[in-house]
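Trainee: Numbering (the numbering used here), first residue to last: 837 to 1296.
The structure's right below; bear with me while I get my questions together.
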């Protein structure tokens, strides 16, 4: 292994493997795939299983869909379906279109999500969101467009099995090699069906005992189809994009999938923030759903099992939905915050835990802040003060039953012994009264609570 030692400002050092950077890659196509397989240490410790994720957001187009885009175009080239100057057409919710636009630019083709696709030179046509059996479904628009134009190809990502063949030839072998064949289960969400189908086909050939699991969001038929063979939708709609399905695509047909898991949007969003705070990964909703499913699956796996899933893309494209408090509230999803919002706007008179537990101050504090959960009016449960800096929805107990039952507060999970925080707090304009601890953000936040549990945080 070729390694390099990096010297940090605090004189600590870290040996880093740089062997991946010793080879020059030839163009965009050569950069697709061979993404790292990463063990999530916090979740692995909590579940007792090795939770491994393929970092698919490191593909050059930013998502796992670069793989499908590459093989869809390569298949068309191999079959002489397109020639120089051809127009590539696809109906897409975003990531496949982005991958296709990148590849078309690299290969000299034209390509038919909105902002980034237009920046990449793609022509974008927006259509209503309607079911597949509606003639106005975006897939049918794409097909008709390609049929009307000379030297145009509809790549048909949902039913073109070049999609799943790409994962059979590339992603599956990568997982097998990176785990040295020691993989017990793979679990993933699916939209086109290509990723999970291709990976499952390859891994089952290697070891038929590997569990292959489909993870499904609300409003999709796939969970029930795998369970019972019936195309019955689960209730609701989902904040996730590009996953879930109302039919069985050709990519998904005959795929060796053993079982399915239903993942609620609340669990997906919780995991997105947990991945950010505990593991350091800023990802989209499909990634959160995948990892939530891996954790759910671990409950039925022997300790020490290896479960593989993927981080499909990063979170940058989802600010308007996934990281939008108003949008989450509309969907009934409890909002995660890293620090009590209202506490930043009003100065607190609370100086000590005992003050919070005093009857008079409980009402006052509840009016403008959010506080970690208490078991009774006189004690708090340290077990509920999770060391994870993500949030749980709790009811703040008070001596007023109406206030107790009517008001739910988001808990800022913080402990004076173990605290994890992210740079987002800087954007929330937090300041700490004790400025003699300015070295790092973590040190600052840790000093919110002194050893005697005195509260040192104040608002600007």
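Ideal Cβ placement from N, Cα and C applies to all residues, glycine included.
Within 8 Å (strictly less), CB to CB, does residue 992 reach chain D?
Mentor: The structure shown contains no chain D; it is built from a single protein chain.
Trainee: Is there contact between the stretch 1047-1057 and the stretch 1155-1172, where contact requires at least three CB pairs shorter than 8 Å?
Mentor: The stretch 1047-1057 is not in contact with the stretch 1155-1172.
Trainee: Hey, residue 1030 and residue 904 are a contact pair by Cβ (cut 8 Å); roughly how many whole angstroms apart?
Mentor: Their Cβ separation, rounded to whole angstroms, is 5 Å, which keeps residue 1030 and residue 904 in contact under 8 Å.
Trainee: Residue 1048 lies in the beta strand (DSSP E); which residues open and close that run?
Mentor: 1047-1052 is the extent of the beta strand (DSSP E) around residue 1048.
Trainee: Measuring straight from C-alpha to C-alpha, what distance separates residue 1098 and residue 939?
Mentor: Taking the straight line from one Cα to the other gives about 34 Å.
Trainee: With a threshold of 6 Å on Cβ separation, who are the neighbours of residue 846 within its own chain once the five nearest residues in sequence on each side are excluded?
Mentor: Bear in mind that the predicted position of residue 846 carries a pLDDT of just 41, short of 50, making it too unreliable to give a figure here.
Trainee: Between the beta-carbon of residue 890 and the beta-carbon of residue 873, is there less than 8 Å?
Mentor: Yes, they are a contact pair.
Trainee: Within the continuous alpha helix (DSSP H) that includes residue 1037, where are the two ends?
Mentor: Segment 1030-1042, the alpha helix (DSSP H) holding residue 1037.
Trainee: Using only the alpha-carbon positions, how far apart do residue 989 and residue 868 sit?
Mentor: The straight-line gap from Cα to Cα measures roughly 22 Å.
Trainee: So what's residue 1075 in DSSP terms, helix, strand or just coil?
Mentor: DSSP places residue 1075 in coil when its eight states are reduced to three.
Trainee: Tell me residue 859's beta-bridge partners as DSSP assigns them.
Mentor: Beta-bridge pairing links residue 859 to no other residue.
Trainee: When the distance is taken between beta carbons, is residue 1021 closer than 8 Å to residue 1137?
Mentor: Yes, the pair counts as a contact, with Cβ atoms nearer than the cut-off.
Trainee: Between which residues of its own chain and residue 835 is the CB-CB distance below 7 Å, once the five residues before and five after are set aside?
Mentor: The question about residue 835 has no answer, for the chain in this structure spans 837 to 1296.
Trainee: Go to residue 1123, then tell me how far its beta strand (DSSP E) extends in each direction, as first and last residue.
Mentor: Careful: residue 1123 lies outside any beta strand (DSSP E), inside the alpha helix (DSSP H) at 1121-1134.
Trainee: In terms of residue numbering, what span does the alpha helix (DSSP H) encompassing residue 1015 cover?
Mentor: Looking at the DSSP string, residue 1015 is not in any alpha helix (DSSP H), and its letter there is neither H nor E.
Trainee: Does the Cβ-Cβ distance between residue 898 and residue 1149 come in under 8 Å?
Mentor: Contact: yes.
Trainee: What is the DSSP secondary structure of residue 1106, reduced to helix, strand or coil?
Mentor: Correct three-state label for residue 1106: helix.
Trainee: Give the single residue among 1090, 1078, 907 and 1044 whose Cα lies nearest to the Cα of residue 1065.
Mentor: Here the closest residue by C-alpha is 1090.
Trainee: Where does residue 1098 sit, in a helix, a strand or coil, going by DSSP?
Mentor: In this structure, residue 1098 counts as strand in the three-state DSSP scheme.
Trainee: Would you call the stretch 1030-1040 and the stretch 1000-1008 in contact, with 3 or more CB pairs under 8 Å?
Mentor: Cβ pair count under 8 Å is three or more, so yes.
Trainee: With DSSP run on the structure shown, which of helix, strand or coil describes residue 1114?
Mentor: Reduced to three states, the DSSP call for residue 1114 is helix.
Trainee: Residue 881 to residue 1140, Cα distance in whole Å?
Mentor: Roughly 10 Å separates the two Cα atoms.
Trainee: Can the beta-carbon of residue 1054 be found less than 8 Å from the beta-carbon of residue 1125?
Mentor: Not in contact: residue 1054 and residue 1125 (Cβ atoms no closer than 8 Å).
Trainee: Taking the continuous beta strand (DSSP E) assigned at residue 1148, which residues delimit it?
Mentor: It is not in any beta strand (DSSP E) - residue 1148 carries neither H nor E in the DSSP assignment.
Trainee: How would you call residue 1152, buried or exposed, if buried means at least 16 neighbouring beta carbons within 10 angstroms?
Mentor: Residue 1152 comes out exposed.
Trainee: Residue 886 bridges to which residues according to DSSP?
Mentor: Paired residues: 1142.
Trainee: What does a CB cutoff of less than 7 Å around residue 1060 pick up in its chain, not counting 5 residues either side in sequence?
Mentor: Excluding sequence neighbours, residue 1060 sits near 1066, 1068 and 1070.
Trainee: Going by beta carbon distance, what residues of the same chain come within less than 7 Å of residue 1078, once the five residues before and after it are set aside?
Mentor: Closer than 7 Å at the Cβ level, and outside the excluded window around residue 1078, lie 929, 930, 931, 1027 and 1122.
Trainee: Can you tell me the Cα-Cα spacing of residue 1012 and residue 864, whole angstroms?
Mentor: Roughly 24 Å between the two C-alpha positions.
Trainee: Measuring CA to CA, which of 1103, 909, 1073 and 914 is closest to residue 945?
Mentor: Nearest option by C-alpha distance: 909.
Trainee: DSSP beta-bridge partners for residue 874?
Mentor: Paired residues: 889.
Trainee: Using the rule of at least 16 other Cβ atoms within 10 Å of the residue's Cβ for burial, across every protein chain shown, is residue 907 buried or exposed?
Mentor: With 16 or more Cβ atoms within 10 Å of its Cβ, residue 907 is classed as buried.
Trainee: Taking residue 987 and residue 923 to be in contact with their CB atoms under 8 Å, please state how far apart those CB atoms are, rounded to whole angstroms.
Mentor: Contact holds; Cβ gap of about 7 Å.
Trainee: Which value, in whole angstroms, describes the spacing of the CA atoms of residue 1111 and residue 877?
Mentor: So the two alpha carbons sit approximately 11 Å from each other.
Trainee: Where does residue 810 sit, in a helix, a strand or coil, going by DSSP?
Mentor: Because the chain is modelled from 837 through 1296, residue 810 falls outside the range shown and cannot be assessed.
Trainee: Of the residues 1115, 1116, 1045 and 1168, which one's Cα is nearest the Cα of residue 1100?
Mentor: Minimum Cα distance to residue 1100 is reached at 1168.
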